[in-house]
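In my numbering, the protein residues as written are 658 to 907. Ideal Cβ placement from N, Cα and C applies to all residues, glycine included. Just so we're clear, the structure is a prediction, and the values are computed from it rather than from any experiment.
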Amino acid sequence: MNVSKLKILLPIVVVLVLSFVSTENKRMLQDETILKGDSGFVSFKVGKKYLLEVKKNDTIDIPIESINKNDTLGKFYKKENSSNFILFLKDILNKTSPCQFILEVDSNGKIVKSERYVNGFYLCCWNNHLDGFGKINDYFYLKSCGTGSAFCATQLYIFKEVIPQDDLNPIIKGLFNGTCYFAKNKLKACVLDSKIETKPNSLLFHYEYKKGISRNGKRYKEIENFDVEYTLIDKKWIANDTLKLNKIQY
Numbered sequence: 658m659n660v661s662k663l664k665i666l667l668p669i670v671v672v673l674v675l676s677f678v679s680t681e682n683k684r685m686l687q688d689e690t691i692l693k694g695d696s697g698f699v700s701f702k703v704g705k706k707y708l709l710e711v712k713k714n715d716t717i718d719i720p721i722e723s724i725n726k727n728d729t730l731g732k733f734y735k736k737e738n739s740s741n742f743i744l745f746l747k748d749i750l751n752k753t754s755p756c757q758f759i760l761e762v763d764s765n766g767k768i769v770k771s772e773r774y775v776n777g778f779y780l781c782c783w784n785n786h787l788d789g790f791g792k793i794n795d796y797f798y799l800k801s802c803g804t805g806s807a808f809c810a811t812q813l814y815i816f817k818e819v820i821p822q823d824d825l826n827p828i829i830k831g832l833f834n835g836t837c838y839f840a841k842n843k844l845k846a847c848v849l850d851s852k853i854e855t856k857p858n859s860l861l862f863h864y865e866y867k868k869g870i871s872r873n874g875k876r877y878k879e880i881e882n883f884d885v886e887y888t889l890i891d892k893k894w895i896a897n898d899t900l901k902l903n904k905i906q907y
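This is the structure in C-alpha cells:
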C-alpha cells in the first residue's frame, strides 16, 4: 500500500476507533447504573446519578464531592412480575430537611417515578440508616418514627406502587412508651409489637401489647394480644377494628 492511500485511510481509521471508544464508554457508564438481581444496595456511584436527577430543582446544602465515596446511599428490590425496581435513596445532600426518595427504575436504569418522603431528624425506630425501607412479599414499606420523651413509635407506609406520601396513611407497627403505666408510685413502660401476615387484598397485623414492664424487660403487669386487618380502599388502609388501638397512645 502506497503512502498516498495510507494518508487517506488513516483519518477514517482514527474516526472509527474514537467512535468505538465513545460508544463503549457510554455503554459502560450505562451498565454502572443498571440494577441487577432481586435486591441489593445502592452504591455511591449509582446513587449519585439518581440523587442529582431527582434533586435537580432543589437547593443542595453540601457538595456531593464531599460525601464519602464508599458510602451506601440506599437499597432496592425488584417488583413482582416486572423487570422494574423500587429503590430507596437517602437525601444526603440536604441536612436541614431530612427526607428520603422512593423511585421506580426500569431495567435500563431510567427513572419511571419518584416521590419524596419526609421523616424526622431522629429516626428512633430505625436500627441503621437503611433499616427503614424493606419488602414484605410483594409489598414495600418505609418506616416513619414518632418521637417524644421516653417515647418512640413505628408506623409503616406500605405500598406496591410509588405514590405520594400524602396519598398514603401509615399503619402503626409498634411503640415504646416509658411512662405509660403507674404502679406502686413508679412509672413503668409499655411496649406494642406486631407481626405482619399478608393476604391477597389485605394485611393482618398480629399485635401484642405489654404494660408495666420491668427495667430488665422480662416482667410485665399486663399483656394483651389482638389482631387488626387492614384493607386497601381508595389508596387508604382501612382497619376492620380500631377499638383497642385507639386506647393506646401513639
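Are there 16 or more other CB atoms within 10 angstroms of the CB of TYR779, so buried, or fewer, so exposed?
As a working note, residue 779 is residue 122 in the sequence shown. Under this definition TYR779 is an exposed residue.
From LYS904 to ILE815, what distance separates their C-alpha atoms?
Taking the first residue of the sequence shown as position 1, residue 904 is located at position 247. Taking the first residue of the sequence shown as position 1, residue 815 is located at position 158. Cα-Cα distance, rounded: 23 Å.
Identify whether ASN882 lies in helix, strand or coil by the three-state DSSP scheme.
Position 225 of the sequence shown, counting from 1, holds the residue named residue 882. Strand.
Determine the DSSP secondary structure at GLY835, reduced to helix, strand or coil.
As a first step, residue 835 is located in the sequence shown; it is residue number 178 there, counting from the start. Note: GLY835 maps to strand in three-state DSSP.
Touch test, the stretch 797–813 against the stretch 773–787, Cβ-Cβ under 8 Å, three pairs minimum:
yes
If we count the other Cβ atoms within 10 Å of its Cβ and call it buried at 16 or more, is LEU686 buried or exposed?
Stepping through the sequence shown from its first residue, residue 686 is reached at position 29. Only weak support exists for where LEU686 lies, its pLDDT of 37 falling under 50; the value from the coordinates is given anyway. Exposed is the call here.
Just to confirm the assignment, what range does the beta strand (DSSP E) spanning LEU860 have?
In the sequence shown, the residue the question calls residue 860 occupies position 203. Segment 859–870, the beta strand (DSSP E) holding LEU860.
ASP850 bridges to which residues according to DSSP?
Working through the sequence shown from its first residue, we reach residue 850 at position 193. For ASP850, which the question treats as bridged, DSSP gives the partners GLU865.
Which listed residue (GLU881, TYR877, THR888) has its alpha carbon closest to that of THR855
Within the sequence shown, numbered from 1, the residue matching residue 855 stands at position 198. The candidate whose alpha carbon is nearest that of THR855 is THR888.
By Cβ distance below 6 Å, which residues in the same chain neighbour CYS782 in space, the five residues on each side in sequence not counted?
Mapped onto the sequence shown, residue 782 falls at position 125. These residues qualify, in order along the chain: LYS800, CYS802, CYS809, THR811.
Boundaries of the beta strand (DSSP E) in which VAL711 is found, first to last residue:
Position 54 of the sequence shown, counted from the first residue, corresponds to residue 711. Following the DSSP letters along the chain, one finds VAL711 in no beta strand (DSSP E) but inside the alpha helix (DSSP H) bounded by residues 701–711.
Going by DSSP in three states, GLN822 sits in which element: helix, strand or coil?
Counted from its first residue, the sequence shown places residue 822 at position 165. In the structure shown, GLN822 sits in a helix (DSSP, three-state: H, G or I).
Going by beta carbon distance, what residues of the same chain come within less than 7 Å of GLY869, once the five residues before and after it are set aside?
Residue mapping note: residue 869 aligns to position 212 of the sequence shown, counting from 1. Answer for GLY869: TYR838, ALA840, LYS845, TYR877, LYS878, GLU879, listed in chain order.
Rounded to the nearest angstrom, what separates ASN727 and GLU710 at their Cα positions?
For this step, residue 727 is matched to residue 70 along the sequence shown. For this step, residue 710 is matched to residue 53 along the sequence shown. C-alpha separation (whole angstroms): 20 Å.
For VAL672, I'd like the list of residues in its chain whose CB is within less than 6 Å of its CB, leaving aside the five on either flank, ordered along the chain.
As a position in the sequence shown, residue 672 is number 15, starting the count at 1. For VAL672, the predicted structure reports a pLDDT of 46, less than 50, and the residue's modelled location is therefore unreliable. The matter cannot be settled from this model.
Do GLU886 and VAL819 have their beta-carbon atoms positioned less than 8 Å apart in this structure?
For the purposes of this step, residue 819 is identified with residue 162 of the sequence shown, where counting begins at 1. For the purposes of this step, residue 886 is identified with residue 229 of the sequence shown, where counting begins at 1. Their beta carbons are not under 8 Å apart, which means VAL819 does not touch GLU886 by this criterion.
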